[in-house]
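Going by my numbering, 76 is the number at position 73 of the sequence shown; the sequence numbering is gapless.
Worksheet: one structure, shown below.
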Amino acid sequence: QAYETLGALFRDTREEMLEKTLCERIELVILKILRDLLELLCIDIERTLYKLTSSEKTSQEILVLLNAVNHLDSCNVKSNKAS
Numbered sequence: 004q005a006y007e008t009l010g011a012l013f014r015d016t017r018e019e020m021l022e023k024t025l026c027e028r029i030e031l032v033i034l035k036i037l038r039d040l041l042e043l044l045c046i047d048i049e050r051t052l053y054k055l056t057s058s059e060k061t062s063q064e065i066l067v068l069l070n071a072v073n074h075l076d077s078c079n080v081k082s083n084k085a086s
């Protein structure tokens, strides 16, 4: 067939979106665990990420993600206190 039904197209798109959302959630959990573990062990996050990735660019990208996680956590704490 050269075409898909509209229902099949939406079903495929929905599945792709759910898969992406799940991957993003897993990535967020991994980043939180990494951040908390490094802080708990008093390990220099930047230096450790550089050693793990052997790349300044990659370590900086991960740091940006970790900072975003920190920001989200602080926003969640503030909204929970306000409730």
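Quick reminder that beta carbons are idealized off the backbone N, C-alpha and C, glycines included.
Here the structure is a predicted model, which is why all the values come from computation and not from measurement.
The beta-carbon separation of E49 and L34, rounded to 15 Å, does not stay under the 8 Å limit for a contact. Look at I46 here: in three-state DSSP terms it is coil, with no helix or strand label.
Pairing N73 with C45, the inter-Cα distance amounts to about 17 Å. The three-state reading of DSSP puts S57 in coil, since its state is none of H, G, I, E or B.
At the C-beta level, S62 and L69 stay beyond 8 Å of one another.
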